[in-house]
Amino acid sequence: MAPVTAAMTTHRWSVLRSPTTPARSASCAALWRDSPHNRPHSVIRMRRRAMRTLRIFAAAAGGMALVASACGGGPAAQPPSGSASGAITQEVKVGVAISLTGAANVYGPSQQNGVNLAAEQINAIGRPFTVRLVIEDDASTAAQSITVFKKFIDQDKVAAILGPTLSGSAAGAHPVAQAAQIPTIAISNTGIGIVGKCDYGPCDYIFRASLGEETALPETVKAAKAALNLKKVVLLYAQDDKFSADDATIFEKALGAEGIQITKKVAFSKNDVDFAGTVGQVKGDNPDAIVVGALAGPATKILQEIAKQMPGKKMLCGNGCNTPAIISGAGAAAEATIVGTAWDPSSDTASYFVNSYKAKYGKDPDQFAAQAYTALHVLANALDTSKVNANDHAALKRALEGIKNAKTVLGAFSFTADHDVSQPVYVMTVKGNAFVPFK
68 MAPVTAAMTT
78 HRWSVLRSPT
88 TPARSASCAA
98 LWRDSPHNRP
108 HSVIRMRRRA
118 MRTLRIFAAA
128 AGGMALVASA
138 CGGGPAAQPP
148 SGSASGAITQ
158 EVKVGVAISL
168 TGAANVYGPS
178 QQNGVNLAAE
188 QINAIGRPFT
198 VRLVIEDDAS
208 TAAQSITVFK
218 KFIDQDKVAA
228 ILGPTLSGSA
238 AGAHPVAQAA
248 QIPTIAISNT
258 GIGIVGKCDY
268 GPCDYIFRAS
278 LGEETALPET
288 VKAAKAALNL
298 KKVVLLYAQD
308 DKFSADDATI
318 FEKALGAEGI
328 QITKKVAFSK
338 NDVDFAGTVG
348 QVKGDNPDAI
358 VVGALAGPAT
368 KILQEIAKQM
378 PGKKMLCGNG
388 CNTPAIISGA
398 GAAAEATIVG
408 TAWDPSSDTA
418 SYFVNSYKAK
428 YGKDPDQFAA
438 QAYTALHVLA
448 NALDTSKVNA
458 NDHAALKRAL
468 EGIKNAKTVL
478 GAFSFTADHD
488 VSQPVYVMTV
498 KGNAFVPFK
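Residue numbers (the numbering used here): 68 to 506.
Set out below in structure tokens:
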């Protein structure tokens with residue numbers, strides 16, 4: 068690891084420690100003292116590698132983030148026995164089900180990058196365990212997600228699972244994990260019934276690290292109404308996709324709460340490729356904005372059609388639009404699209420992740436990378452608390468329940484009593500080639 072100066076140490080702790088958490092305890096100070104980032108012989112040796120500045124900086128930042136996470140807040144504040152003593156490490160398998168093919172393939176690669184970066188950082192700090200990721204393509208379907216989850220549980224013997232990518236896939240796969248009592252973290256499932264009251268019954272082994280649409284969309288509507296003086300809108304949504312249909316339900320409720328009239332609702336299929344007729348149906352309504360519940364593929368085509376038929380009309384969209392794919396796909400037609408999102412890449416708490424990600428992959432991360440990255444770090448924190456016994460799923464579940472006010476790239480992060488994420492909501496808009504805060 069690279070040498071870390073006193074100035075660097077102070078700065079990183081000021082950013083990464085939860086504002087509700089007191090200064091480092093003696094045990095956390097010991098963890099930092101014994102960390103491989105603070106060994107004199109490592110400092111001397113690493114100084115000889117000055118030409119590898121970028122890699123060293125990223126690794127140092129990762130190490131700092133992990134130490135801060137382990138000493139963050141709540142039950143995870145005490146490091147596990149022998150966590151910095153050089154004890155024999157345990158390999159912990161974590162299954163990751165993500166959409167590398169199919170309708171959600173614009174999200175899966177970013178998620179894969181996020182978890183791989185997090186695993187490298189976790190394994191570099193010298194905890195008494197190493198994380199081994201078992202990544203499988205869920206193909207954007209419930210059927211394949213179920214198959215993958217069964218493999219994780221029966222063949223791979225994983226300690227925990229992250230995923231799958233889509234809410235509809237989660238509705239099929241999460242009951243499999245629940246039945247086996249394998250702690251599972253939803254990293255991009257924002258629809259209704261993912262945690263708390265689940266349609267399939269008890270779901271107390273399921274957690275969600277992805278901001279739910281029931282939280283994000285009302286804030287999006289409020290911000291858009293205040294800025295654009297919205298009075299009437301039209302609502303377009305994919306009726307054969309759970310996430311998109313849930314978005315329509317949530318948007319309708321949020322718009323009603325703000326006194327905004329929906330003059331027309333138009334349903335379409337997630338497999339549609341021509342949206343000229345769909346947009347044409349609402350052109351005569353002359354809405355103040357167009358509200359869309361859809362994944363990135365259909366949303367991109369709708370944006371292009373709005374630009375042709377109703378130039379200048381703003382579009383409000385849900386989590387499906389929180390990807391650079393709509394910007395690259397729709398081009399100038401994506402300008403001024405408004406979305407509620409789980410992070411602000413320009414925030415101080417996100418900067419180290421953004422820099423590390425860009426150094427490794429040569430491009431900016433998106434929300435899906437940030438959420439996957441955060442989920443694995445949160446899981447590692449819980450593994451510390453549960454004494455790293457990967458076979459004690461109940462202990463790991465209890466440790467996840469104890470995550471409170473952790474400082475993450477998403478902001479202050481907690482799990483609620485229903486295992487949902489509690490974190491800030493950010494309303495963003497497309498400006499040029501990037502998402503920026505909506506004002």
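Every residue, glycine too, gets a C-beta built ideally from N, C-alpha and C.
Item                                                                                                                    : Value
N-terminal and C-terminal residue of the alpha helix (DSSP H) that Tyr304 is part of                                    : Per DSSP, Tyr304 belongs to no alpha helix (DSSP H); it is in the beta strand (DSSP E), 299-305.
Residue from Thr496, Ser453, Asn296, Val161 with nearest C-alpha to Ala226                                              : Val161
Assigned secondary structure, Arg199 (DSSP; H/G/I helix, E/B strand, else coil)                                         : strand
Unbroken beta strand (DSSP E) run spanning Glu372, endpoints                                                            : Counting along the chain, Glu372 falls outside any beta strand (DSSP E), though it belongs to the alpha helix (DSSP H) covering 363-376.
Contact under 9 Å by Cβ, Leu303 with Gly351                                                                             : no
Residue nearest to Ala276 in terms of C-alpha spacing, selected from Ala409, Val346, Leu450                             : Ala409
Beta bridge counterpart(s) of Pro285 as assigned by DSSP                                                                : DSSP lists no partner for Pro285.
Nearest-angstrom Cβ-Cβ length linking Asn256 and Ala237, presumed shorter than 8 Å                                      : 4 Å
Close beta carbons around Leu278, own chain, < 7 Å, minus the five adjacent residues each side                          : Thr257, Ala409, Val488, Gln490, Val492
Three-state secondary structure assigned by DSSP to Arg465                                                              : helix
Whole-angstrom distance between Ala247 and Ala240, CA atom to CA atom                                                   : 11 Å
Glu158 classed as buried or exposed, judged by whether at least 16 other C-beta atoms fall within 10 angstroms          : exposed
For Ser336, the three-state DSSP class (helix, strand or coil)                                                          : coil
Beta-carbon proximity check, Val406 vs Gly429, cutoff 9 Å                                                               : no
Buried or exposed by the 16-neighbour rule on C-beta atoms within 10 Å, applied to Asn180                               : buried
Residues of its chain near Asn456, where Cβ-Cβ distance is below 7 Å and the 5 sequence neighbours each way are ignored : Ala462
Where the beta strand (DSSP E) through Tyr493 begins and ends                                                           : 493-498
Counterpart residues of Phe420 in DSSP-defined beta bridges                                                             : The partner list for Phe420 (beta bridge, DSSP) is empty, contrary to what the question assumes.
Rounded distance between the beta-carbons of Ile259 and Asp313, thought under 8 Å                                       : 5 Å
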